[in-house]
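One rule links them: number in the numbering used here = place in the sequence shown (from 1) + 10.
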Amino acid sequence: MARRSETVKTDSKKRRKLKATRKLLAPGPRTVRAWFDTVINPLLKGLTEERSRLLHLNWTFQFRPAALESIWPAEHYVPSNARANFQQFLEFYDSVKEDVDQHDHLVASLTEACQKLHETLVKRSRLPELYRELTSEQSLRSALEKHRRAHILSGRNSTQEDLISEIFGGYPPSDHLAILAQYIV
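Next comes the structure, spelled out in structure tokens:
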């Protein structure tokens with residue numbers, strides 16, 4: 011029994027020593043080249059696009075599946091077949107790992123905030139009341155006349171249903187409030 015325990019301790023020590031040694035070693039030129047191709051460049055591209063969306067306050071929130079469509083944890087910007095390279099890169103650069111962890115935490119916080127705002131708009135705001143008012147027959151009839159005069163709807167025989175379809179696309183009426191709240195978020 012003692013031998014098995016000693017083996018486990020030895021293996022554990024070897025792993026720690028190997029990890030410490032890896033930290034001291036500098037990556038070789040092929041590794042660095044692979045990181046540029048598979049990790050750094052995809053990350054820069056994805057994070058640059060993400061930054062642009064954030065600067066324009068475009069959270070890319072979708073009500074189904076209640077998530078951000080184009081703002082993701084950093085790992086998702088790296089091709090799936092290069093995720094091992096991403097992890098290796100983070101092992102060599104602790105400061106980058108800290109930044110990635112902070113980024114991912116902020117993405118999770120933004121996602122949660124968007125979900126809460128969406129839920130509040132649908133369930134605890136005046137939005138349902140405004141929706142009923144603006145989709146009443148009288149309101150739709152008035153809007154339809156304005157749109158016909160402005161030639162926004164194609165065809166002279168456009169109906170109220172055409173107007174609703176123009177706004178909500180192929181979504182069923184049960185999703186209309188969620189769509190409106192999504193646009194607001």
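Even for Gly, the Cβ is constructed at its ideal location relative to N, Cα and C.
Cα-Cα separation, residue i to residue j
| i | j | result |
| --- | --- | --- |
| Thr-41 | Leu-173 | 57 Å |
| Ala-191 | Ala-76 | 11 Å |
| Val-49 | Asn-95 | 7 Å |
| Ala-12 | Ser-119 | Its pLDDT being 49, under 50, Ala-12 is placed unreliably in this model, and the value from its coordinates should be taken loosely. Cα to Cα, Ala-12 sits roughly 49 Å from Ser-119. |
| Ala-36 | Gln-97 | 16 Å |
| His-115 | Gln-148 | 47 Å |
| Arg-151 | Thr-121 | 38 Å |
| Glu-108 | Phe-99 | 12 Å |
| Gly-180 | Val-117 | 30 Å |
| Pro-138 | Leu-187 | 7 Å |
| His-128 | Leu-78 | 12 Å |
| Arg-136 | Leu-154 | 24 Å |
| Asn-51 | Ile-177 | 39 Å |
| Thr-145 | Ala-92 | 50 Å |
| Val-110 | Trp-45 | 16 Å |
| His-157 | Leu-140 | 20 Å |
| Arg-134 | Gly-56 | 35 Å |
| Pro-39 | Pro-182 | 56 Å |
Cross-strand partners of residue i (DSSP beta bridge)
| i | result |
| --- | --- |
| Gln-72 | Ala-77 |
Residue i burial status per 10 Å Cβ neighbour count (16 or more: buried)
| i | result |
| --- | --- |
| Gln-112 | exposed |
| Ala-123 | exposed |
| Thr-169 | exposed |
| Ile-81 | buried |
| Leu-65 | exposed |
| Leu-6 | The question about residue 6 has no answer, for the chain in this structure spans 11 to 195. |
| Leu-67 | exposed |
| Tyr-193 | exposed |
heavy atom of the ligand GDP below 7 Å from residue i C-beta
| i | result |
| --- | --- |
| Phe-102 | This structure lacks the ligand GDP, and indeed carries no ligand of any kind. |
In chain order, what are the residue ranges of uninterrupted alpha helix (DSSP H) at least 4 long that sit wholly in the stretch 50 to 134? 51 to 65, 93 to 102 and 104 to 133
Using 8 Å as the cut-off, can you tell me whether the stretch 49 to 65 makes contact with the stretch 80 to 98, which would need three or more C-beta pairs spanning the two stretches below that distance? yes
Can you find at least 3 beta carbon pairs, one from the stretch 103 to 111 and one from the stretch 65 to 77, that sit closer than 8 Å? no
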